[in-house]
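Beneath this line is the structure, given in structure tokens, with notes to follow.
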Amino acid sequence: MEEDDATKRSSPLSEISHDSQGDNASKKARTNMENDGEITGDSDCVHAMRSLQTKTSSILSPGHHHDPDVHVHFPDRNVHGPDIYVDLVDPDGFFVHVGFLQVHRRYQARFVLQHEFGPELCAPPLQNSEVITIQEVSLQTTEGEEKPNSHSVCLEIHPLSEGICKEDLILTTGDCGTKSVHLTLYAQVLARDKGPPLLKEGVKCVGTDEEIVKDPQEMPKTAVQFSEEGKTEEAAENNLKKPAREVRFGAEKLSPVDEESSTVVTHKHGHPPAGHVHFPADLHGPELRVTQTDQDHFSVNLGFLQIHRTYQAKFTLRHGFGPSLSAPPLQSVYFTIKEIHHNVDNNTDTEGNQQDSHTLVLEVCTEKDGVVKEELFLTTEEDVTKKIFVELHARIMGKGKGTPLLKEGVRCLKVNVEEDSEISDWAGF
Numbered sequence: 019m020e021e022d023d024a025t026k027r028s029s030p031l032s033e034i035s036h037d038s039q040g041d042n043a044s045k046k047a048r049t050n051m052e053n054d055g056e057i058t059g060d061s062d063c064v065h066a067m068r069s070l071q072t073k074t075s076s077i078l079s080p081g082h083h084h085d086p087d088v089h090v091h092f093p094d095r096n097v098h099g100p101d102i103y104v105d106l107v108d109p110d111g112f113f114v115h116v117g118f119l120q121v122h123r124r125y126q127a128r129f130v131l132q133h134e135f136g137p138e139l140c141a142p143p144l145q146n147s148e149v150i151t152i153q154e155v156s157l158q159t160t161e162g163e164e165k166p167n168s169h170s171v172c173l174e175i176h177p178l179s180e181g182i183c184k185e186d187l188i189l190t191t192g193d194c195g196t197k198s199v200h201l202t203l204y205a206q207v208l209a210r211d212k213g214p215p216l217l218k219e220g221v222k223c224v225g226t227d228e229e230i231v232k233d234p235q236e237m238p239k240t241a242v243q244f245s246e247e248g249k250t251e252e253a254a255e256n257n258l259k260k261p262a263r264e265v266r267f268g269a270e271k272l273s274p275v276d277e278e279s280s281t282v283v284t285h286k287h288g289h290p291p292a293g294h295v296h297f298p299a300d301l302h303g304p305e306l307r308v309t310q311t312d313q314d315h316f317s318v319n320l321g322f323l324q325i326h327r328t329y330q331a332k333f334t335l336r337h338g339f340g341p342s343l344s345a346p347p348l349q350s351v352y353f354t355i356k357e358i359h360h361n362v363d364n365n366t367d368t369e370g371n372q373q374d375s376h377t378l379v380l381e382v383c384t385e386k387d388g389v390v391k392e393e394l395f396l397t398t399e400e401d402v403t404k405k406i407f408v409e410l411h412a413r414i415m416g417k418g419k420g421t422p423l424l425k426e427g428v429r430c431l432k433v434n435v436e437e438d439s440e441i442s443d444w445a446g447f
């Protein structure tokens with residue numbers, strides 16, 4: 019019995035639980051927290067709260083990046099300091115850790131990047147992230163300093179689920195956007211019942227979601243969450259809520275599924291299935307489907323793909339914008355137009371007008387599972403103001419969901435390293 023008591027007292031968890039002074043100070047600090055996550059207590063309370071949070075995060079097991087109850091451990095980086103952690107890991111890549119946040123809150127994070135890419139730095143749109151948005155990139159001027167340049171970056175962060183949040187964003191230089199700076203951002207998102215987190219300097223809460231489930235137990239921890247849209251007669255009798263068209267996978271808020279082309283399948287008792295989305299049979303054919311929805315808008319269904327893969331997709335667009343088309347670079351992180359070939363044929367539309375035909379070679383990098391919707395555009399060399407918009411749809415199958423049957427014109431180029439695999443960079447004890 020004495021040995022067991024000694025073991026408990028020597029373990030890190032028991033050190034936190036038996037530290038009565040730190041525990042009381044932490045409780046005092048929590049009672050002084052307001053809704054926006056800031057602390058109004060004295061410095062001892064703040065220090066105890068920060069110490070308790072650091073101890074808890076350092077003893078938890080690493081490697082489980084998607085477990086909401088487990089922290090990711092970075093042995094070579096002091097990410098638990100009072101400031102936002104920013105580190106240059108590559109000549110053009112930064113590692114940014116914004117600390118602890120809380121689910122269903124809106125935060126603003128501001129930090130400084132020091133680099134040698136010049137004074138002009140901007141954030142391209144359509145970066146395929148519904149969680150983090152780059153609001154502002156401004157130059158930090160210092161007298162007598164020419165290199166490196168410093169830019170202040172302001173982010174808006176909207177965590178949609180608890181656990182580890184990881185997003186990849188890019189910034190481009192003013193030199194025709196040919197050079198890019200990559201940002202890998204991490205955040206630890208706490209559940210609503212875990213209490214307000216201690217925010218880092220430069221991070222502040224700017225609002226909360228209007229529609230938050232009252233009971234924390236009603237917020238499922240599975241991959242799929244359905245938002246409330248209405249109630250059917252049968253659901254009203256059983257107090258069951260009808261699922262809406264909007265589907266959220268993990269930390270990613272996905273685009274709503276098209277109302278005319280899809281319906282959500284429910285059981286006969288009104289319960290939604292485990293994340294299954296039903297689409298019409300004509301979208302599941304073997305060919306890669308291209309539909310012209312407007313004179314300058316096309317919709318392309320790439321079908322089912324598998325996560326952590328790089329695919330190549332070829333399809334043809336028939337239009338009346340002339341023989342010369344080009345694709346501006348850096349439109350998306352996961353979709354890239356590699357080649358554009360003009361096809362020589364004599365096609366006409368229904369009104370007898372001459373039509374041009376171009377074959378596009380697209381490279382797709384699947385890093386998130388779920389329903390993906392992305393829009394790219396092409397421009398003409400005669401008039402750059404004229405654009406052809408291409409809306410891409412794909413359904414990414416997660417790990418362990420099997421191998422999809424690819425459509426004609428789609429082939430797998432390589433298998434990417436899985437960042438959420440069981441292989442960890444933790445150095446061990």
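For the working numbering, count along the sequence shown from 1 and bump the result up by 18.
Yeah, the Cβ is synthetic: ideal placement off N, Cα and C, and Gly gets one too.
In this text, all values refer to a predicted model and were calculated from it rather than measured experimentally.
Helix, strand or coil at residue i according to DSSP, with G and I counted as helix
i	result
Asp401	coil
Asp363	strand
Asp312	strand
Arg336	strand
Asp110	coil
Asp211	helix
Ser168	strand
Leu131	strand
Lys356	strand
Lys260	Residue placement at Lys260 is poorly supported in this model, since its pLDDT is 42, which falls under 50; the coordinates are not used for a value here.
Gln349	coil
His115	strand
Val199	strand
Arg429	strand
Ala331	strand
Gly418	coil
Ile102	coil
Bridge partner(s) assigned by DSSP for residue i
i	result
Ile325	In the DSSP output, where bridge partners are listed per residue, Ile325 has none listed.
Ile182	Gln206
Asn319	Arg307 and His411
Integer Cβ distance of residue i from residue j, believed to fall under 8 Å
i	j	result
Ser156	Leu187	Incorrect: roughly 16 Å between the Cβ atoms, too far for contact.
Gly181	Val221	The Cβ separation is near 18 Å, so there is no contact.
Arg210	Glu174	The Cβ separation is near 20 Å, so there is no contact.
Ser350	Glu409	Wrong, their Cβ atoms sit about 12 Å apart, outside the cutoff.
Pro215	Phe118	4 Å
Proximal residues to residue i (C-beta, below 7 Å), its chain only, five neighbours per side dropped
i	result
Arg327	Thr384, Cys430, Val433 and Asn434
Asp387	Phe267, Ile325, Ile414, Met415 and Gly416
Asn365	Arg336, Gln373 and Ser375
Gly427	Leu306, Ala331, Lys332 and Phe333
Glu357	Val379
Contacting residues, own chain, Cβ-Cβ under 6 Å from residue i (five flanking each side not counted)
i	result
His315	Phe407
Gln310	Phe316
Neighbourhood of residue i by C-beta distance below 8 Å, restricted to the same chain and skipping five residues each side
i	result
Lys404	Asp314, Phe339, Thr397 and Thr398
Tyr204	Val90, Val97, Phe113, Val114, His115, Val116, Ile182, Cys183 and Lys184
Lys197	Asp110, Phe135, Thr190 and Thr191
Residue from the options whose Cα sits closest to the Cα of residue i
i	options	result
Phe333	Gln373, Asp363 and Leu380	Leu380
Leu189	Ala127, Asp105, Gln310 and Val171	Val171
Leu335	His359, Glu154 and Leu348	His359
Ala141	Pro100, Gly225, Cys223 and Leu348	Leu348
Ala127	Glu154, Pro109 and Gly136	Glu154
Leu201	Asp101, Ser179, Gln310 and Gln145	Gln145
Pro346	Val308, Asp312 and Glu393	Glu393
Ser179	Asp227, Asp312, Asn361 and Leu320	Asp227
Gln132	Ser344, Phe118 and Val199	Val199
Pro304	Asn319, Val382, Asp312 and Pro215	Asn319
Any C-beta of chain B under 7 Å from that of residue i
i	result
Pro137	Absent from the structure is chain B; it holds one protein chain and no more.
Any non-hydrogen atom of the ligand GTP within 6 Å of residue i CB
i	result
Phe113	As for the ligand GTP, it is missing from this structure, which has no ligand bound.
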